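Read through the structure below, which is laid out as structure tokens, and then see the notes.
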Amino acid sequence: MRPKIKLEKSIPEKIANSIGYAAILFLIIFFFAKMSTLPAEIPMHYNGNTVDRYGSKWETIALILIAIATQIGLEFLERKPQLHNYPARFNEENAEEFYRASSQILNYTKNTIAVLMAFIMYEILTLQEQLSPLFWILIALVIGLSIWGVMKMSRIGK
1 MRPKIKLEKS
11 IPEKIANSIG
21 YAAILFLIIF
31 FFAKMSTLPA
41 EIPMHYNGNT
51 VDRYGSKWET
61 IALILIAIAT
71 QIGLEFLERK
81 PQLHNYPARF
91 NEENAEEFYR
101 ASSQILNYTK
111 NTIAVLMAFI
121 MYEILTLQEQ
131 LSPLFWILIA
141 LVIGLSIWGV
151 MKMSRIGK
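Residue numbering for the sequence shown is 1 to 158, as defined by the UniProt record's numbering.
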């Protein structure tokens with residue numbers, strides 16, 4: 001049985017949470033602010049950089065629900081590091097270090113995804129015909145956080 005350790009969030013994690021929650025709040029407020037002025041059909045999918053599918057403006061509700069569910073689900077997992085998957089070298093002595101690293105990875109990833117989802121909503125609701133390069137930067141950041149996390153975890157307990 002893995003130990004249950006209460007971890008305090010670091011200042012960077014608290015800042016990341018503030019940014020993530022603000023992004024989710026922006027996503028919701030921006031959605032309601034724009035709905036009455038949108039045409040019936042809006043860009044819904046991009047193939048590379050250009051729109052390849054239009055759909056009902058009401059389809060964007062799914063994006064909001066996915067963003068909220070992702071934020072809540074990852075927040076739950078972040079608070080339960082004893083449920084995460086760890087390498088065989090995990091033990092009582094290095095448990096807190098593994099827990100902290102795993103929670104940080106989830107925190108930064110969760111909040112970067114929230115910013116990404118808010119950005120996608122912004123792009124859709126402002127009727128952009130092409131994706132901004134910022135989209136690809138945010139995708140690279142999510143992938144980069146995963147790589148950073150694997151590297152950080154690989155250094156623990158050696």
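Each residue gets a CB set at the ideal place from its N, CA and C atoms; glycine is no exception.
Only a predicted model underlies this, so the values are computations on that prediction, with no experimental measurement involved.
Compute the Euclidean distance between the alpha carbons of residue i and residue j, then round it to the nearest angstrom.
i	j	result
residue 130	residue 90	46 Å
residue 1	residue 100	18 Å
residue 132	residue 118	13 Å
residue 53	residue 154	42 Å
residue 138	residue 95	31 Å
residue 80	residue 125	35 Å
residue 25	residue 71	12 Å
residue 93	residue 15	29 Å
residue 60	residue 112	19 Å
residue 151	residue 141	15 Å
residue 102	residue 37	43 Å
residue 88	residue 20	32 Å
residue 57	residue 69	20 Å
Hey, quick one: how far does the alpha helix (DSSP H) through residue i stretch, first residue to last?
i	result
residue 89	Run containing residue 89: none; DSSP gives neither H nor E here.
residue 112	95 to 125
residue 20	11 to 34
residue 66	60 to 78
residue 132	No alpha helix (DSSP H) holds residue 132; DSSP gives it neither H nor E.
Given a threshold of 16 other Cβ atoms within 10 Å of its Cβ, counted over all protein chains shown, does residue i qualify as buried or as exposed?
i	result
residue 3	exposed
residue 48	exposed
residue 121	buried
residue 32	exposed
residue 39	exposed
residue 13	buried
residue 78	buried
residue 27	buried
residue 6	exposed
Where does residue i fall in DSSP's three states?
i	result
residue 41	strand
Compare the C-beta of residue i against all C-beta atoms of chain C and say whether one is closer than 7 Å.
i	result
residue 152	The displayed structure is made up of one protein chain only, and chain C is not part of it.
Can you give me the start and stop residues for the beta strand (DSSP E) that residue i sits inside?
i	result
residue 56	50 to 56
If I'm right that residue i touches residue j with Cβ under 8 Å, what's the distance once you round it to whole angstroms?
i	j	result
residue 43	residue 134	Between residue 134 and residue 43 the Cβ distance is about 16 Å, and since that is not below 8 Å, they are no contact.
residue 75	residue 34	The Cβ separation is near 27 Å, so there is no contact.
residue 145	residue 108	5 Å
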